[in-house]
Amino acid sequence: MSEKDLKNNEPQVVEEFEEEKLEQPESDLRQEVAFDDTAVVSREKRHMGMKAKTRAANITIYVILVIMSAVWLVPFIFIVLQSFRCESTYLTGYVIPKQWGFDNYARLFTETKFPRWFLNTFIISVVAAVIQLIMVLCMSYTLSRLRFKGRKALMNAMLILGMFPGMLTMIVLYRILADAGMTQGNSIAGLILVYVASSGMGYYVSKGFFDTIPKSLDEAARVDGANRAQVLYKIILPLSKPIVIYTLLTAFMGPWGDYVFASYVAFNVSDGYNVAVGLQWLISTPSNIAANYTIFCAGGVIVAIPITLLFMFLQKYYVEGVTGGAVKG
Amino acid sequence: MANVKLTNVKKIYQGNVVAVHDFNLDIADKEFIVFVGPSGCGKSTTLRMIAGLEEISEGTIEFDGEVVNDLQPKDRKISMVFQNYALYPNYTVFENMAFPLRLIRPKMSQDEIYERVTKAAEILGITEYLTRKPRALSGGQRQRVAIGRAMVKDCKVFLMDEPLSNLDAKLRNQMRAEIILLRKKINTTFVYVTHDQTEAMTLGDRIVVMKDGYIMQVGTPTEVFDRPRNLFVAEFIGAPKMNTFKTNLVKKDGKYFVTPFGAEIPVTGQKADLLAENGIDSQEIILGVRPEHVVLADKPSKETIRVILQVNEMMGNELHLHLLTDDNTPLIVRVPTMNLTDEFRNELVMGKELYITFESKVMHFFDTVTEKSLLYIDKEEPVQEDEEEINAE
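Next comes the structure, spelled out in structure tokens:
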């Protein structure tokens with residue numbers, strides 16, 4: 194292709210591209226209308242090519258989405274179905290139960306220590322979430338609003354420390370907890386300590402959010418007679434609902450699903466297990482799998498329920514634009 | 069209600085940036101003080117130090133003789149209105165205004181809170197918005213709420229940090245008038261920060277003109293307008309700004325003349341007396357002439373300057389003519405339109421040749437090096453000067 198050809202081609206390409214961009218939203222609109230109104234169809238003809246293209250694109254996108262959701266959903270559906278299987282307890286070659294029933298759930302609560310594990314996990318998660326929430330919010334507010342010596346250094350240090358995986362400290366932590374008598378049967382206290390100890394380091398997200406709340410709100414409140422704690426409690430937190438919810442959820446989910454630390458700290462004493470460790474123990478050997486597989490599935494479903502409820506309940510607090518009208522705008 | 073005394077107050081940021089130098093000021097009880105100056109002059113910083121929102125690097129701030137340097141803002145018994153309103157978006161207007169009252173210990177009764185808030189709302193004309201959230205209000209309404217929140221509680225000092233600068237021009241004029249009325253009702257000590265010299269002139273009992281962290285002049289609006297102590301104050305106060313340019317002051321047979329652009333204009337009246345009193349001799353000076361003191365002359369003479377009209381701004385009641393002298397010095401003149409003939413006004417287009425002279429009694433003279441006034445010389449230390457002015461009132 195000569196240089197001249199290249200030059201001639203260029204504007205054409207640009208034109209085509211612009212046309213596409215301009216017409217796409219229009220034809221989208223018309224498409225919607227066309228379903229109800231056949232009169233539009235004649236006008237549509239001109240855009241037939243365009244319409245076909247859009248449709249092809251949509252079909253592609255939907256196909257991809259369907260495949261992705263199938264990949265995501267299959268394990269969940271599988272587990273739920275298995276948990277209702279009554280005819281056998283071992284792994285089978287089919288998915289849909291031949292006999293439906295709540296046998297597995299009943300056995301889970303009567304024949305295993307699942308209630309104990311569930312309670313353990315629940316206590317650990319709730320306490321850890323609350324303590325972690327308080328620590329993270331105080332930390333974030335401090336780093337966002339107060340200026341003190343070493344603030345930058347502290348933030349950098351925490352950033353770097355946060356990059357090391359928590360597992361690194363496991364052996365040392367176990368030793369310390371064991372000496373303090375917070376392992377095995379007493380794992381609740383030990384695990385809470387492990388989960389909340391460094392939680393202040395997770396300040397990034399909420400500090401970033403606090404930074405977007407105008408400082409003059411703090412100042413106005415302080416002039417109005419509030420101390421720092423009141424500013425945080427009465428002004429900043431009500432404006433930060435989404436971030437409080439986010440912090441609470443992540444703080445709750447960590448301990449709820451943790452396996453590594455929980456199994457390590459509980460160390461073979463089943464009273465100290467949390468749900469993850471307990472359920473894993475149910476299928477830890479081939480004979481266990483044969484005896485408990487469907488019970489394990491029922492446990493999985495039960496474990497998912499609180500998290501699902503929590504999400505459904507808290508989702509509505511993710512409100513955007515909560516700071517509207519605070520300052521000029 | 070309190071008198072506020074700032075002694076050698078200094079603000080140093082991060083070890084080396086000095087925002088406020090040696091600020092000395094004695095604010096009388098129930099006085100309305102305005103800090104005015106261009107951005108970055110330290111006026112807001114000083115106000116924030118009074119509020120307790122900024123640490124005081126050096127010096128002391130006293131309310132009624134009590135040093136408040138180390139008091140938290142909440143313990144200083146102040147109220148403050150912020151430039152960006154700073155309303156609490158999560159609360160209704162009523163709760164915004166009740167907020168300071170709810171924090172008072174021992175607790176204030178619900179009835180009293182209700183009474184105070186509704187009374188303030190009534191004064192400000194925002195009663196009908198009490199149940200709304202701030203985001204459902206217009207800029208002017210938000211500003212009223214901010215003022216309302218500041219006025220519900222009893223305070224020693226009422227601080228305002230550029231409260232009108234986010235409003236449009238018309239609303240600003242209206243709110244300015246309202247603040248003057250409000251002041252009569254609240255009757256406490258006011259410190260008001262603005263960069264707008266009109267606000268400063270119209271609101272203040274006294275004006276503190278600041279530049280680069282220094283106080284340039286403290287005085288009543290009349291004082292800073294009529295008797296500017298230095299070139300900066302002369303140029304900053306008054307709109308359009310004063311014409312200033314280098315020229316010569318000549319003393320001939322005990323009489324003073326200025327010789328701008330080849331003309332010879334006599335200096336008469338009180339200004340001439342003051343020059344003589346201060347023993348000023350012939351020298352190069354910076355001459356300051358306010359636009360309203362430039363006079364259009366009918367025909368050229370020894371006292372007139374030839375200028376070319378550049379821009380004619382029609383303000384309604386007056387014209388602002390932007391002129392250029394033969395050596396390209398820009399001048400501005402204000403001409404009232406009342407007595408002008410239509411014919412003459414039609415002739416005022418770009419390129420028109422005009423002759424001007426200056427009112428002989430109201431010129432200002434500044435030293436070319438120090439830029440201080442040759443008429444009004446500070447004879448004493450600034451601290452005492454402030455006290456003198458207080459006493460004079």
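Just so you know, the sequences run in chain order A and B.
Counting along the first sequence from 1, when you hit position 167 you're at 360 in this note's numbering, and nothing is skipped either side.
Counting along the second sequence from 1, when you hit position 348 you're at 416 in this note's numbering, and nothing is skipped either side.
We put the beta carbon where it would ideally sit given N, CA and C, even for glycine.
Nothing here was measured: the structure is a model prediction, and the numbers come from that model.
Using a Cβ-Cβ cut-off of 7 Å, Ile428 (chain A) counts as an interface residue toward chain B, since at least one Cβ of chain B sits closer than that to its own. Here Gly216 (chain B) is near Leu192 (chain B), since their CB atoms are less than 7 Å apart.
The beta carbon of Asp395 (chain B) sits closer than 8 Å to those of Phe329, all from its chain and outside the five residues before and after it, given in chain order. At a cut-off of 7 Å between beta carbons, Ala166 (chain B) makes no contact with chain A. Between Pro157 (chain B) and Lys221 (chain B) a beta carbon distance of about 21 Å is seen, past the 8 Å cut, so the two are scored as non-contacting. Between the C-alpha atoms of Ile488 (chain A) and Ile272 (chain A) there is a straight-line separation of about 10 Å.
DSSP lists B:Lys78 as the bridge partner or partners of Glu126 (chain B). Within the stretch 403-425 of chain A, the residues whose Cβ lies closer than 8 Å to any Cβ of chain B are, in chain order, Pro407, Ser409, Leu410, Glu412, Ala413, Ala414, Arg415, Val416, Asp417, Gly418, Ala419, Asn420, Gln423. Residue environment analysis places Met418 (chain B) among the exposed positions, since fewer than 16 neighbouring C-beta atoms fall within 10 angstroms of its C-beta. Secondary structure note for Met165 (chain B): its alpha helix (DSSP H) is the uninterrupted segment 161-170. As summarised for the stretch 276-348 of chain B, the continuous beta strand (DSSP E) elements at least 3 residues long and confined to that stretch are 282-287, 311-320, 323-326, 333-335, given in chain order. With contact defined as three or more Cβ pairs closer than 8 Å, the stretch 303-317 of chain A and the stretch 446-466 of chain A are in contact. Scanning chain A for C-beta atoms nearer than 9 Å to the C-beta of Met148 (chain B) yields Glu412, Ala413, Val416, Asp417, reported in chain order. Going by DSSP, Ile424 (chain B) is part of the beta strand (DSSP E) stretching over 421-426. B:Lys370 is the residue among B:Lys319, B:Ser350, B:Asp349, B:Lys370 whose C-alpha sits nearest the C-alpha of Glu332 (chain B). Interface flag for Leu171 (chain B) against chain A is set, since a Cβ pair is found closer than 7 Å.
Here Met382 (chain B) is exposed, its C-beta having fewer than 16 other C-beta atoms within 10 Å.
Annotation for Ser350 (chain B): no beta strand (DSSP E) segment contains it, and DSSP assigns it neither H nor E.
Nearest Cα to Asp97 (chain B) within the set B:His390, B:Lys187, B:Lys224, B:Leu399: B:Lys224. Contacts with chain B at 7 Å (Cβ-Cβ) include Pro431 (chain A). Asp179 (chain B) carries a helical assignment under DSSP once its states are collapsed to helix, strand and coil.
Comparing alpha carbon positions, the residue from B:Met269, B:Ala87, B:Tyr81, B:Thr425 closest to Ile283 (chain B) is B:Ala87.
Assignment of Ala245 (chain B) by DSSP, reduced to helix, strand and coil, places it in the helix class. Taken through DSSP and simplified to helix, strand or coil, Ile191 (chain B) comes out as helix. Looking at B:Gly83, B:Thr128, B:Val261, B:Ala189, the one whose alpha-carbon comes closest to that of Gly108 (chain B) is B:Val261. Of the candidates A:Ser333, A:Lys434, A:Met360, the residue whose Cα lies closest to the Cα of Gly401 (chain A) is A:Ser333. The beta carbon of Pro141 (chain B) sits closer than 7 Å to the beta carbons of Ala119, Gly120, Leu121 from its chain, once the five residues preceding and following it are set aside; these are given in chain order. One thing to note: Leu301 (chain A) has its Cβ within 7 Å of the Cβ of Gly492 (chain A). In the displayed model, Phe341 (chain A) falls within coil according to three-state DSSP, outside both helix and strand.
Under DSSP, Ile101 (chain B) takes part in a beta bridge, and its partners are B:Val259, B:Arg274.
Counting C-beta atoms within 10 angstroms of its own C-beta, Thr253 (chain A) has fewer than 16 neighbours from the protein chains shown and is therefore classed as exposed.
Taking a 10 Å sphere around the C-beta of Ala166 (chain B), we find 16 or more other C-beta atoms and assign the residue as buried.
C-alpha of Gln508 (chain A) to C-alpha of Val264 (chain A): approximately 24 Å in a straight line. Residues of the stretch 154-165 of chain B that bring their beta carbon within less than 7 Å of a beta carbon in chain A comprise Ala154, Leu155, Tyr156, Pro157, Asn158, in sequence order. By the criterion of a C-beta distance shorter than 8 Å, Leu416 (chain B) is surrounded in its chain by Leu377, Asn380, Leu387, Leu389, once the five residues flanking it on both sides are discounted. Under the rule that a run must span 4 or more residues, the alpha helix (DSSP H) segments found entirely inside the stretch 187-231 of chain B read 207-219.
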